[in-house]
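Enquirer: Here you go, one structure.
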Amino acid sequence: MALKPIITPSDAVLRKKAHKVTSFDKKFQKLVDDMIETMLDAPGVGLAAPQVAVSQRLIVVQLQDDEESRAEYGDDAGVLYVLANPEIVKASDELVEGVEACLSIPGYFGKVERHEKVTIKALDRDGKPTRVKASGWLARVFQHEIDHLDGKLYIDIASDIWKARPQPVDGDVEIDSDSDDEDEDGDIVSAEEVNAAMNSQTSQD
Numbered sequence: 043m044a045l046k047p048i049i050t051p052s053d054a055v056l057r058k059k060a061h062k063v064t065s066f067d068k069k070f071q072k073l074v075d076d077m078i079e080t081m082l083d084a085p086g087v088g089l090a091a092p093q094v095a096v097s098q099r100l101i102v103v104q105l106q107d108d109e110e111s112r113a114e115y116g117d118d119a120g121v122l123y124v125l126a127n128p129e130i131v132k133a134s135d136e137l138v139e140g141v142e143a144c145l146s147i148p149g150y151f152g153k154v155e156r157h158e159k160v161t162i163k164a165l166d167r168d169g170k171p172t173r174v175k176a177s178g179w180l181a182r183v184f185q186h187e188i189d190h191l192d193g194k195l196y197i198d199i200a201s202d203i204w205k206a207r208p209q210p211v212d213g214d215v216e217i218d219s220d221s222d223d224e225d226e227d228g229d230i231v232s233a234e235e236v237n238a239a240m241n242s243q244t245s246q247d
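Mind the numbering: the sequence shown is residues 43 to 247 in the numbering used here, read in order.
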């Protein structure tokens with residue numbers, strides 16, 4: 043296994059629709075392992091292949107598995123999901139607003155409305171059909187990651203985006219929908235400003 047660099051919106055791969063997974067060979071298995079290691083090292087709770095500059099419809103997701111997470115997420119905590127060609131086949135009418143962040147857009151947060159519950163059909167890492175039903179935070183993470191496969195970022199649909207105060211960010215998607223003062227975490231910015239900042243960072247590297 044090896045850590046892979048996580049790209050930002052300045053890389054065109056992140057904005058393209060990813061290709062379907064058609065092979066589950068050793069190369070694919072290595073990609074899965076590398077993505078899992080990269081996600082956990084970040085640390086994050088989800089990662090899509092385009093985020094590591096690979097145009098394949100593949101996501102890995104794993105919620106934290108500490109005592110607090112087990113109390114909040116129950117059986118969802120710590121379960122590792124590897125989904126190839128994931129597709130949301132059912133979504134609840136109920137929409138819930140929450141706060142999200144992304145490993146490809148470090149230092150920013152946004153308020154995003156997502157379906158409270160989703161059902162996903164996909165292939166597992168061995169190419170076998172599987173279905174996942176998710177609600178709450180897990181459903182939000184899946185929607186966030188599947189968006190990546192279509193070249194979409196949370197900043198495209200966020201009602202508000204702001205630059206965070208310097209502090210550790212735990213996870214690709216961070217939710218704090220019970221908070222009423224999220225806007226006080228930093229200055230409100232636009233998606234265009236975020237993209238410009240990411241491009242500027244890349245040019246300086």
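Ideal Cβ positions, reconstructed from N, Cα and C, are used throughout, including at glycine.
What does I230 pair with, by DSSP beta-bridge criteria?
Expert: Here residue 230 refers to the residue found at position 188 when the sequence shown is read from its first residue. The partner list for I230 (beta bridge, DSSP) reads W204.
Enquirer: Going by beta-carbon coordinates alone, are D67 and A95 separated by less than 8 Å?
Expert: Position 25 of the sequence shown, counted from the start, is the residue given in the question as residue 67. Position 53 of the sequence shown, counted from the start, is the residue given in the question as residue 95. Against a cut-off of 8 Å, the Cβ pair of A95 and D67 comes out as no contact.
Enquirer: Could you work out which residue in S177, A233, D202 is closest to E114 when comparing CA atoms only?
Expert: Working through the sequence shown from its first residue, we reach residue 114 at position 72. The residue with the shortest Cα to Cα distance from E114 is S177.
Enquirer: Rounded to the nearest angstrom, what separates A238 and A200 at their Cα positions?
Expert: Here residue 238 is taken as the residue at index 196 of the sequence shown, counted from 1. Here residue 200 is taken as the residue at index 158 of the sequence shown, counted from 1. Cα to Cα, the separation comes out at about 17 Å.
Enquirer: Can you tell which of D229, L180, E234 has its C-alpha closest to the C-alpha of S111?
Expert: Taking the sequence shown and counting its residues from 1, one reaches residue 111 at position 69. Checked all of D229, L180, E234; the closest Cα to S111 is L180.
Enquirer: Specify the secondary structure class of S177 as computed by DSSP and reduced to three states.
Expert: For the purposes of this step, residue 177 is identified with residue 135 of the sequence shown, where counting begins at 1. Strand, per DSSP.
Enquirer: Near E216, which residues of its chain fall below 8 Å by C-beta distance, leaving aside the five closest residues on each side in sequence?
Expert: The count along the sequence shown starts at 1 and reaches residue 216 at position 174. Unreliable positioning characterises E216 in this predicted model, as indicated by a pLDDT of 44, which lies under 50. The coordinate reading is nonetheless provided below. If we look at E216 and ignore the five residues flanking it on each side, its Cβ neighbours are V141, E142, A143, F151.
Enquirer: With distances taken from CA atoms, which of V138, I188, V183, A119 is nearest P128?
Expert: Along the sequence shown, one-based indexing puts residue 128 at 86. The option with the nearest alpha carbon to P128 is I188.
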